[in-house]
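Notes follow the structure.
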Amino acid sequence: MPNIVVCYKWVIDEADVRVESGGSLNLERAARKISEYDRNAIEAAAQLHEQHGGDCVAVSLGGPAVQNSAREALARGPERAVLAIDPAFENADARITAHGLAAAIRQAGPFDLILCGEGSGDQYNQQVGPRIAALLDIACITFVSKLELTEGGVRAERKLEDGVEVVEAAFPVVVTVMPDLNKPRIPGLKQVMGARKKEVRTFDAAALGLGEAQLAARADVRSLRAPASNRRQVKVGSVEELADAIAAAVR
Amino acid sequence: MGGIWVISEQPALLCELIGGGRDLAAAFGGTLTAVAVGDRAAAEAAAACGADEVVFLEVPEGQPLESAAAPLADLLRAADPDVVLVGATLRGKDLAARLAARLDAPLASEAANTRVEGGDLLADRPVYGGSGVATVALTARPRMATVPARVFRAPECAAGAAAGASAGGNAAGAAVVRTVAVPADSRVRIVERRPRQGSGADIAEADVVVAVGRGLPDRADLGPVEELAAVLGGAVGCTRPVAEDLGWLPEDRYIGISGRKVAPSVYIAVATSGQVQHIAGMRDSRLVVAINTDENAPIFREADYGLVADAREAVPALTAALRQRLG
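Protein chains in written order, with the working numbering: chain D, 1 to 251; chain X, 252 to 578.
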């Protein structure tokens, strides 16, 4: 019976990001949600757990707001949650996030399979899965669109630019998943109520053994703004005018 | 020590990184080392493109390219470079993240507009599903970034043009390729490879891309769109819903923040609304034209030329008009 860990991020809903007149972004009134691809990871964890038994723990990291995420995560199937919550984790970069999650995963107990979304809906660095694997010194399979358990490991299909690569690995292994892996369930009232009874353990950075060496930011966000469009934005009245512009550009 | 290291498994992308790495080498001082992962042709192209040193990482058969992370991290530790650029393919992004973790380094994913300021490496990258652009400062070495195709220009050289084809022998004065064998690593084994189905050319390499959105009324309307692409020698792409929800085109054709990134000479948006997630995948296109029935569609703000029209009428008419002009 595999022990499964699934990582998720409690992100700002990108649909709530407002562009101010000067081009700056206003995130103040944005709601939070479980990042989209992490929902696929949680669904995969829940399905494998339902089929094979074992432990199934959801792990997340962030500032104080992450406390509010546990019930929804647990309603989606995992049996318990381990949260790494510290003001120092607010807006953590991928490096700090991976240090914190790796430490939280060690606290969570023995693990065979660690599932992550292939990237987060806010930063979309696509780094945290492979970084966790490197920090824990275990195998890693990224960009997985099909996943099944084998005797003591996994068989996975990676969807890459040049085609599909089918790989096998023994436990323990980190797997990052693509959205086409599955269709995440929508938890019902029963699941949401059931999630209240599930265990949630919380650790701060010190309890995870993280100090200045791990927590000092090495990637600072200096500015955040709406993408600038410098297009001409000329409306033309005929196909002929479009054809002229295209023909000039391809010649 | 110091210098700039550029890493990719793709010959053309590696040459582009050499082009971009040259400017950084001038800013930081030091030499430019190119690492070709798993593909000897990429190593030869890098030598011909003027890298000062070239390393070819030979990956054992049946082992994913990312297994090169361990020996490559050792090489980087020894060289202690100022900057490491990795080609932002999916494999490249995976490899870069593993290297960054092993070196405890900051890594900017999908970086563009890289520049040096006060000893920091600054890069712009898309966030919040394309709604935002973050400028990230990498403040500790090695400063790492993954860089997509067509952000940098390959140096003018024989191999730059021929990269990907046969790079041939070394040009005079080109660096000698040093081969480093990646040790056997049985943790992840490749058991099967299924090359991409013949769904046409890779849209990321096409010089003209015609992209369709959900505003296209019917699957049958793809026929005239294919004809338009054909007359321009281009490829047909789409927005995410067209591939994932409707299934009209293979998933390797959808353009966007989580799909393919394209930067063709001409990008023709047909019945696409212009969602930020899609725009993030085509923003670097040189000329953008848009056809949409809704005059208020956001795509018109991201287009150089826009035509308010029904795709069913405009697309065949545009094909005919272009056929006339291009002979």
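For glycine and all other residues, C-beta sits at the position ideal for the given N, C-alpha and C.
Being a predicted model, the structure only gives us computed values, none of them experimental.
Kindly say whether residue i, judged by its beta-carbon, lies nearer than 7 Å to any beta-carbon of chain D.
| i | result |
| --- | --- |
| Tyr518 (chain X) | no |
| Asp345 (chain X) | yes |
| Asp555 (chain X) | yes |
| Pro262 (chain X) | no |
| Gly253 (chain X) | no |
| Val335 (chain X) | no |
| Ser417 (chain X) | With a pLDDT of only 40 at Ser417 (chain X), under the threshold of 50, the placement of this residue in the model should not be trusted, and no figure is reported. |
| Leu569 (chain X) | yes |
| Ser318 (chain X) | no |
| Ala414 (chain X) | Residue placement at Ala414 (chain X) is poorly supported in this model, since its pLDDT is 44, which falls under 50; the coordinates are not used for a value here. |
| Glu309 (chain X) | no |
| Pro501 (chain X) | no |
| Leu323 (chain X) | no |
| Tyr379 (chain X) | yes |
| Leu275 (chain X) | no |
So, for residue i: in the same chain, excluding its five sequence neighbours on each side, which residues have a beta-carbon less than 8 Å away from its beta-carbon?
| i | result |
| --- | --- |
| Gly63 (chain D) | Ile85, Asp86, Pro87, Phe89, Glu90, Asn91 |
| Ala435 (chain X) | Pro311, Gln314 |
| Ala81 (chain D) | Val57, Ala58, Val59, Ser60, Ala70, Ala73, Leu74, Lys198, Glu199, Val200, Arg201 |
| Leu135 (chain D) | Ala98, His99, Ala102 |
Let me check understanding here. Comparing Cα to Cα, which of the options lies closest to residue i?
| i | options | result |
| --- | --- | --- |
| Asp458 (chain X) | X:Pro446, X:Ala435, X:Asp436, X:Gly488 | X:Gly488 |
| Ala374 (chain X) | X:Pro549, X:Leu358, X:Gly380, X:Ser382 | X:Leu358 |
| Lys33 (chain D) | D:Leu48, D:Gln67, D:Ala102 | D:Gln67 |
| Val539 (chain X) | X:Ala531, X:Gly338, X:Val527, X:Glu553 | X:Glu553 |
| Arg39 (chain D) | D:Glu14, D:Ser24, D:Gly23, D:Val6 | D:Val6 |
| Pro515 (chain X) | X:Ala522, X:Ile506, X:Thr523 | X:Ile506 |
| Val461 (chain X) | X:Asp453, X:Arg470, X:Leu479 | X:Leu479 |
| Ala292 (chain X) | X:Leu323, X:Leu283, X:Thr282, X:Val306 | X:Val306 |
| Ala351 (chain X) | X:Gly525, X:Thr397, X:Thr386, X:Arg376 | X:Thr397 |
| Leu569 (chain X) | X:Ala302, X:Val482, X:Pro322, X:Ala548 | X:Val482 |
| Glu36 (chain D) | D:Glu50, D:Tyr124, D:Glu148, D:Leu48 | D:Tyr124 |
| Arg131 (chain D) | D:Pro110, D:Ile96, D:Leu215 | D:Ile96 |
| Ala296 (chain X) | X:Asp535, X:Pro399, X:Val428, X:Arg353 | X:Val428 |
| Ala560 (chain X) | X:Arg511, X:Leu467, X:Ala348 | X:Leu467 |
| Gln47 (chain D) | D:Leu215, D:Val167, D:Gly77 | D:Gly77 |
| Arg232 (chain D) | D:Ala245, D:Glu157, D:Ala206 | D:Ala245 |
| Leu354 (chain X) | X:Ser318, X:Ala294, X:Ala391, X:Gly383 | X:Ala391 |
When you compare the CB of residue i with every CB in chain X, is at least one pair closer than 7 Å?
| i | result |
| --- | --- |
| Ser223 (chain D) | yes |
| Ser35 (chain D) | no |
| Asn125 (chain D) | yes |
| Met1 (chain D) | no |
| Lys235 (chain D) | yes |
| Thr142 (chain D) | yes |
| Gly163 (chain D) | yes |
| Ala169 (chain D) | yes |
With 16 as the cutoff for other CB atoms within 10 Å, does residue i come out buried or exposed?
| i | result |
| --- | --- |
| Lys9 (chain D) | buried |
| Ile186 (chain D) | exposed |
| His52 (chain D) | exposed |
| Arg218 (chain D) | buried |
| Glu20 (chain D) | exposed |
| Leu265 (chain X) | buried |
| Val378 (chain X) | buried |
| Asp93 (chain D) | buried |
| Thr430 (chain X) | exposed |
| Ser120 (chain D) | buried |
| Asp545 (chain X) | exposed |
| Ser437 (chain X) | exposed |
| Gln526 (chain X) | buried |
| Ala109 (chain D) | In the sequence on display, residue 109 (chain D) carries Gly and not Ala. That one is exposed. |
| Asn543 (chain X) | buried |
| Ser24 (chain D) | exposed |
| Gly270 (chain X) | buried |
Leaving aside the five residues before and after residue i along the sequence, list all residues of the same chain whose C-beta is less than 7 Å from its C-beta, in chain order.
| i | result |
| --- | --- |
| Val334 (chain X) | Ile255, Leu275, Phe279, Leu372, Pro393, Arg394 |
| Ala169 (chain D) | Ala139, Ile141, Gly153, Val154 |
| Gly272 (chain X) | Ile255, Val257, Leu283, Leu336 |
| Ile508 (chain X) | Pro377, Gly380, Gly381, Gln528, Ala531, Gly532 |
| Val167 (chain D) | Ile141, Ala156, Arg158 |
| Ala416 (chain X) | Below a pLDDT of 50, predicted positions are generally treated as unreliable, and Ala416 (chain X), at 41, falls in that range; no measurement from the model is reported. |
Residue i and residue j look like a contact to me (Cβ under 8 Å); what is the Cβ gap, rounded to whole Å?
| i | j | result |
| --- | --- | --- |
| Gly579 (chain X) | Leu316 (chain X) | Since the displayed chain X opens at 252 and closes at 578, residue 579 (chain X) lies outside it and no answer follows. |
| Gln528 (chain X) | Gly380 (chain X) | 5 Å |
| Ser145 (chain D) | Met193 (chain D) | That belief does not hold up - the Cβ atoms of Ser145 (chain D) and Met193 (chain D) are roughly 33 Å apart, past 8 Å. |
| Thr386 (chain X) | Arg251 (chain D) | Rounded, the Cβ-Cβ distance is 36 Å, inconsistent with contact. |
| Arg445 (chain X) | Gly163 (chain D) | 5 Å |
| Asp503 (chain X) | Arg465 (chain X) | Contact doesn't hold; Cβ gap of about 18 Å is too wide. |
Heavy atom of the ligand MG less than 6 Å from the Cβ of residue i, yes or no?
| i | result |
| --- | --- |
| Ile246 (chain D) | Looking at this structure, you won't find the ligand MG or any other ligand, since it has none at all. |
Using C-beta distances below 6 Å, list every residue in its chain close to residue i, excluding the 5 sequence neighbours before and after it, in chain order.
| i | result |
| --- | --- |
| Ala432 (chain X) | Glu309 |
| Leu573 (chain X) | Val482 |
| Tyr556 (chain X) | Val540 |
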